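To start, the structure itself, in structure tokens.
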Amino acid sequence: MQENPTVWLFDLDNTLHDADAGIFTLINRAMTRYMARRLKLSESAASDLRQEYWHRYGATLAGLQIHHPEIDIAEFLRESHPIDAILTKLHGMADTEHTLCRLNGRKAVFSNGPSFYVRAVVGALGLENRFDALFGTDDFGLLYKPNPQAYLNVCRLLDVPPECCIMVDDSADNLHQAKALGMKTVRFGAKVHDLPFIDASVSDMAQLARYAETLSEHRQNHYNTRTPPRKYERMLCVKPSLS
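Written as structure tokens, this is what we have:
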């Protein structure tokens, strides 16, 4: 059987760019304003509800889908991700392009953000030609990390089993789920620390580049020595329209 190539799955926010430098604040305020208007809440109550849904479901929109099905998903995503304003606050991580060029295998962005946001940010960073695929939540069924079905849908779209993937993310919860599915895991960020389900912790892209060959070799050895080959679920992913 032909060996499956390594696939690097990159988170977007606080991995490829510093979302804490102002972008998350902008998005959170826009979400709060939208929820206050549509749900007829005070801004304070809307902010509390936004945070509650984020902590409980991993994404504010997930909570809105469950508890407020009358909300127009496309409208919510457009109004809460004002691209022109977002791009003025964009700060990419140093050495990203150089590091991506050094990674063997395919590379994809796997984000809980909407696809139009993912494309806009990656394009503004000048990295669109460094990735084989860009995935936002509407590309894999409006699911969200750490929901395991989100990972499986992305694997299906890439036609690769989870065991061949290396996940790079700043979120411990997201990486915990990735590890449970058989992926290698890299936690990204200046203040990260080792956890049992983390294969490597890196503070920046330059450090990731130094770890890359070792991680890829470990992934290949794991895949080549598996007996019998592990099967992964092929989930049907229908992309909703956000037009």
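Residue numbers (the numbering used here): 77 to 319. Cβ coordinates follow ideal geometry from the N, Cα and C atoms, glycine included. Computed from a predicted structure; not experimentally measured.
Simplified DSSP state of residue i, which is helix, strand or coil
i	result
I28	Given a span of 77 to 319 for the chain in the structure shown, any question on residue 28 remains unanswerable.
A285	helix
G189	coil
F152	helix
S120	helix
F207	coil
I242	strand
V197	helix
V268	coil
V230	helix
A184	strand
K221	coil
K255	helix
A170	coil
S292	helix
Distance between beta carbons of residue j and residue i, contact taken as under 8 Å
i	j	result
L218	I142	With a Cβ gap of about 12 Å, L218 and I142 do not count as contacting.
I242	W84	5 Å
V262	V244	4 Å
M111	L125	6 Å
A138	Y220	6 Å
S156	A106	4 Å
L153	P190	4 Å
F86	L92	6 Å
L257	Y227	6 Å
E119	T136	At roughly 15 Å, the Cβ-Cβ gap does not stay under 8 Å, so E119 and T136 are not in contact.
I159	Y193	7 Å
Straight-line Cα distance separating residue j from residue i
i	j	result
R232	D215	11 Å
T82	V236	9 Å
L251	S279	16 Å
M259	E239	5 Å
L234	F211	10 Å
K307	R206	Residue placement at K307 is flagged as unreliable, the pLDDT there being 40, under the threshold of 50; the coordinate-derived value follows with that caveat. Whole-angstrom Cα-Cα distance: 29 Å.
L312	P224	Residue placement at L312 is flagged as unreliable, the pLDDT there being 36, under the threshold of 50; the coordinate-derived value follows with that caveat. In a straight line, the C-alpha of L312 is about 14 Å away from that of P224.
T301	A95	Caution is warranted here: a pLDDT of 45 is assigned to T301, below 50, making its placement in the model unreliable, and no coordinate value can be reported.
S123	A184	32 Å
L203	R113	36 Å
N90	S247	9 Å
A254	K165	30 Å
Y299	K116	Residue placement at Y299 cannot be trusted, given a pLDDT of 49 that sits under 50; the coordinates are not used to answer.
A200	A276	28 Å
R195	V268	27 Å
V198	P222	22 Å
A97	Q283	21 Å
A266	D249	17 Å
D208	H167	22 Å
F264	A161	26 Å
W130	R182	31 Å
E128	M281	32 Å
S317	T213	Reliability fails at S317, whose pLDDT of 43 lies under 50, so the model's placement of it is uncertain and no value is given.
Cβ contact (3+ pairs, closer than 8 Å) linking the segment 178–194 and the segment 281–288:
Touching, yes.
Given 8 Å, three or more beta-carbon pairs between the segment 165–175 and the segment 129–145
No contact exists between the segment 165–175 and the segment 129–145.
Residue ranges of each alpha helix (DSSP H) within the segment 83–138, 4 or longer
As far as the segment 83–138 is concerned, its whole alpha helix (DSSP H) runs of at least 4 residues are 99–115 and 119–133.
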